[in-house]
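This report concerns only the one structure given below.
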Amino acid sequence: MSAVRWGRGAAGFGRALWPAGPPGLLAEEGALGGVWGRKRSSTASPCEQDRRKDWGHAELLEVLKARVRQLQAEGVAEVTVKRVAVPRAPEAGGAQPARQAKAGAEGAAPALSSRWAQKLDNDQRLMEKRKQRLEGKLQKHVEKVAWQKQLRLEPRLLSRKLASQLQHWEQGTPRSPWEEQLAQLLQEAPQRLGGKAAAAPAVRGPESRLEGQQQRLLSFFECCLLTGHLPLAHHVLVTHHSKSQQRRLLTLSMYNMVMLGWARQGSFKELTYVFFMLKDAGLAPDLRSYAAALQCMGRLDQDAGTIRRCLKQMAQDGLQLQGLFTAVPLGAEERAELLRAVRKAKPSFTPPRLPVSPPQVNTSPLLRDIYAKQDPAVSYPRLHLSLKELQGLFRRQLRVEMATTITVESVEKVPLLTKEVLHARKTLAGLRSRWKTALYQELQETKESEAHAAQEGRLSLFPYLCLLSEKEVVGMLLQTLQALPAQGESLLFLAHELGLRVFKRKQLRNEVQELEQRYSEYLHLLASDTQVEEPCLPRQRWEALGETEAPHEQPWPTSVVVQLGKQLAEVLVRAARMPSSLAAPRSPATLIPVLYHVYSFRSFRQIGILKPHPAFTQLLETAAERTLTFESTDVPMLCPPLPWTSPHSGAFLLSPTKMMRSVEGSQQHQLLLERCPPAELHGALDALTQLGNCAWRVNGRVLDLVLELFNDKGCPRLGVPAPPSEAPRPPEGRQAPKGCLLPEVSPAEKAEMRRELARRLKVAREMQSLRADALYRLSLAQHLRHCVFWLPHNMDFRGRTYPCSPHFNHLGSDLARALLEFAQGRPLGPHGLNWLKIHLVNLTGLKKRESLEARRDYADELMEDILDSADRPMTGRKWWMEADEPWQALACCMEVARAVRAPDPTAYVSHFPVHQDGSCNGLQHYAALGRDGAGAASVNLLPSDLPQDVYSEVAAQDFVWEASHYLVRQVFNSLQEMFSGTRSIQRWLTESARLISHTGSAVEWVTPLGIPIVQPYHRDSKVMIKGGLQSLTVSSSVDTSQKPNTLKQKNGFPPNFIHSLDSSHMILTALHCYRKGLTFVSVHDCFWTHAADVAVMNQVCREQFVRLHSQPILHNLSRFLIKRFCSDPRTSKSVWVSRLMDTLLSVPKAGTFNLEQVKRSTYFFS
């Protein structure tokens, strides 16, 4: 244990800050249970009880030893038992020093005495360790109490009147209880502070839009409360309040957060201190402030008079008593204590119940059919799994998320277990054991250092470092070391990733029992063998079961994420060392770093890189270990995801996930969503839930073939990356890197040699990246080979949907898509086989301008090649390899072969997803917006016998094939002529965004389905993180305190607006397909379903496109932008606002194209 003891220096005050729970090695062995655990029923202190238990063990051990001596003396003599050193206890304990026992004779006695001696020796060593841990606990407890006395609790007040009152009340505490002092303090009007101080508490905009230092302060206080360091949070609050410059950063929510912490502990004196500071800052208490005070009174069972004065003052401040129970987020226990206090003053008070009226219903005309009263014809799909099977899958997923990580076997080729391999693995195991111990020590020393900074009132990383147990952090760092590529990784990237992993893990919720009961009830809607009273959407079912809203998580600033990750990376660098003999066998026996910090040029920029020692890389390659570790949120789920019910509640069981993904630290999207009426988001929430509820399985035959290539030498032509052994090597001979040092080499030759080396290194890095990506995907596929799994979804800021699992999903390459198929099959029916054939021809890239019938007939002509590809993919004619999408074509060949060979193809149950792609979908939306007839015909909005290809149309008009640059110009010129309405809309959107940006705002709009959108393009804000291995500059373009980036705002608005429309079309299609019982998933403008249901999906797709564009989309956008950016009287005289108003009123005129024709267009999506 000595290796992890860190108490030397500075009186070890940092130890006192350790969080309750398991902080590290000691906690893992149960050492802290006595001090930090719950109070016991005995009147003795926990420490005293542990001490008595140890001395009791010593007495028992002495009795047992005496009995051994007695048995030995009776049977044999002359055998000496090893001395066992029992610690001498205080006289009150009754333990005696050990004695030497002698016995004699030969025979069975030596074995008997030896066994007893060994047992006694082992028991004694365990007791010695326990005693050491107990002494450590007692020392920590004493130091914690001493350290907390150094933290400042009494505030320094600017107001002389308040300072005088505080001093008077503190001196007169016995006669003037703190509860009465608070009641009097509440009656004090907020202080009008002069000069700069008066403006200090004011915050521009809503408090929740805090940026920079304010956001960092808020996250610091939150972490202090989460880790049990409330005195530290109070100390930092007092320190900032006492300094005018730092005081500007404090907001009412920060004071409330600390007050709520004291209220939970029933510490009224400290809570009153915070109220003094709040009044001193010129702030008025809000409902949360009063809720904290009253909750604390309830815990202390205070008299009714003080509570009445508090309630009276609250009413005078214009705050409603009912609001304490409806507008303040409180836990069940906090709510009970609050109610207890209120009923002391008002015994008949009954808290308002949450409205039991029917939930809000989305009123969008586009979603009226979805949320209308249930239609008997509605047939929501069910899963193919029973309730018992789904409950078992839930328990498996729960175990994965509670473990936070999952380890899977790598698919890389298994090496022969030679002596060299076994020796390398043994060496690695020994190194990791030493690194683990060193990491614990480095972490504890780092915490001690950060604790010193926190005592000085600075925003140190200490509470962030305490969020996870040291065991979790050490495991995370060892995983990082294992996964580091041979060429190294950017320190900034590593820091950001490590910081994010801490943030994500700290969010893990602990509501397992309640969740399991509710989820089991929810599964009745999805299981194949259960029924519900009334069919409904998954979200509606979950809400009907009384789902409690997940707590909203305050994001951390990017600078905090990077600073924390950088600190952890530096801990890893300091702790991970290896014997120099691994690098140079004859070198002296010294320890050298495993990681080196070097600088390198990438894309003409010098960046700091953490690079593993080549000897360590070689050791890993030799050991060839076959495991990969993933975060639980980075892999598919083993049970259906939770339904999305709010912007921050849905998907994973325990790990909070945002509905709208954004750059970490950005809050603008989340704020817009939270201000949006809940019913307006129902369409997006239900579509995300529906996409996530699609069950998947792995296509095992395709996976086997891919693995065969992967473990050979790869096949880049087929998308299977080659191994590192195939990467280009550095030049040799005169062209080798050392050749640059030769005197006869000219500067031009040196420059060429450097360029060639850089090119080869770039290619090697790219190959390594592609190989790692494929390794993750294929290893997860192999791990899930015999499983059913689900892909929870969320969306980007434009409303486009994406799976949460980054490594294995259907949005990837051709190879990634070919590995997946629906877990639930559907019989092909009368037309399914034809759709499989058409889909196969589509995947080849041939016959793009042919009719569907011609494509089907072409597949029949190629049936011999199709069957040969299915039967002998690697040894036959290999027709599938010539397709545009070879792996998906191969998978489709196999499905067609099984179907045509089935006794009844119409009854064949197919799991294969068939795709339907939009024809230049962006241009389709532009043509519909502008009612552009010519453009509509070119992108298949009009019915036709053959599909139209807009780019072929342009080329046919130009007859230019010689000069590629000239061709590009002509194509775009012709596109502008063909899509004249499209160009006018683009110009209108671009100019509107430019003018909005010049008014100082980012462009916002609302999609036709009610989803609020804001473009996250601002001028870069830079934060320098100094010290350590290197200074890092964190650049962020999402800081809303910075001015908008005009160029990105105006260039991004047209495509982003169109993407928001295609996402609206997808959502409408998904919801209506769900009502019809179809399986539906999408890759943006590519829709997937079973072969039997393609015709139904196409009909829904066309109908919903017409319904979407039947709305006055551009006029609605104009009205919204005018209201949002031109209705403020304070800016109405601005030149930019005036120009913006004129532009927004000039909505482009529409053409005469009849949208209803889209319903008859076979090739709209095909």
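To convert, count from 1 in the sequence shown and add 35; that's the numbering used here. For every residue, glycine included, the Cβ atom is placed at its ideal position computed from N, Cα and C. If you're wondering where the values come from, they're calculated on a predicted model, not measured in any experiment.
C-beta contact flag for residue i and residue j at 7 Å
i: residue 1044; j: residue 1117; result: no
i: residue 421; j: residue 254; result: no
i: residue 632; j: residue 1064; result: yes
i: residue 803; j: residue 849; result: no
i: residue 1032; j: residue 1081; result: yes
i: residue 952; j: residue 729; result: no
i: residue 275; j: residue 859; result: no
i: residue 413; j: residue 406; result: no
i: residue 1021; j: residue 1053; result: no
i: residue 474; j: residue 503; result: no
i: residue 436; j: residue 690; result: yes
i: residue 820; j: residue 737; result: no
i: residue 519; j: residue 647; result: yes
i: residue 373; j: residue 335; result: no
Own chain partners of residue i with C-beta closer than 8 Å, once the 5 adjacent residues on each side are dropped
i: residue 1161; result: 1167, 1172, 1175, 1176, 1179
i: residue 927; result: 871, 874, 875, 878, 947
i: residue 1025; result: 1085, 1086, 1088, 1089
i: residue 1210; result: The requested residue 1210 does not occur in the structure, where the chain is confined to residues 36 to 1201.
i: residue 432; result: 672, 673, 674, 688
i: residue 841; result: 669
i: residue 1182; result: 1023, 1149, 1150, 1153
Residue i - partner residues in DSSP beta bridges
i: residue 1057; result: 1070
i: residue 666; result: 440
i: residue 196; result: Answer is none; residue 196 lacks a bridge partner.
i: residue 613; result: 627
i: residue 862; result: 944
i: residue 750; result: 755
i: residue 952; result: 1121
i: residue 1047; result: 1041
i: residue 367; result: Answer is none; residue 367 lacks a bridge partner.
Nearest residue (CA-CA) to residue i, options the options
i: residue 1128; options: 836, 908, 950, 1094; result: 950
i: residue 1109; options: 886, 727, 318; result: 727
i: residue 967; options: 1017, 982, 956; result: 1017
i: residue 750; options: 200, 157, 921; result: 921
i: residue 281; options: 288, 302, 438, 248; result: 248
i: residue 273; options: 262, 264, 285; result: 285
i: residue 828; options: 817, 813, 845, 821; result: 845
i: residue 313; options: 300, 287, 292, 681; result: 287
i: residue 762; options: 739, 790, 795; result: 795
i: residue 960; options: 753, 531, 1148; result: 1148
i: residue 464; options: 658, 1184, 1096; result: 658
i: residue 835; options: 1096, 520, 198, 1027; result: 1096
i: residue 603; options: 1124, 529, 663, 568; result: 529
i: residue 653; options: 917, 684, 643, 619; result: 619
i: residue 252; options: 161, 300, 271, 568; result: 271
Beta-carbon contacts of residue i that lie in its chain and below 7 Å, excluding the five residues immediately before and after
i: residue 231; result: Legend: pLDDT at residue 231 = 35, less than 50; position of this residue unreliable, no value from coordinates given.
i: residue 379; result: 339, 342
i: residue 863; result: 934, 940, 941, 943, 945, 1126, 1127
i: residue 929; result: 736, 905
i: residue 351; result: none
Any C-beta of chain B under 7 Å from that of residue i
i: residue 1127; result: Within the model displayed, chain B is absent; a lone protein chain is all it includes.
6 Å Cβ shell around residue i - same chain, five flanking residues per side excluded
i: residue 290; result: 309, 313
i: residue 46; result: Confidence at residue 46 is low in this model, with a pLDDT of 31, below 50, so its placement is unreliable and no value can be given for it.
i: residue 1198; result: 975, 982
i: residue 229; result: Legend: pLDDT at residue 229 = 35, less than 50; position of this residue unreliable, value from coordinates given subsequently. For residue 229, where only same-chain residues beyond five positions count, there are no Cβ hits under 6 Å.
Taking contact to mean at least 3 C-beta pairs separated by less than 8 Å, is the region 658-675 in contact with the region 427-437? Under the three-pair Cβ rule at 8 Å, the region 658-675 counts as touching the region 427-437.
Within the chosen definition, does the region 343-352 reach the region 315-327 through at least 3 CB pairs nearer than 8 Å? Contact holds between the region 343-352 and the region 315-327, because three or more Cβ pairs, one in each stretch, are under 8 Å apart.
Answer yes if the region 797-814 comes into contact with the region 620-630, meaning at least three C-beta pairs across the two stretches below 8 Å, and no otherwise. no
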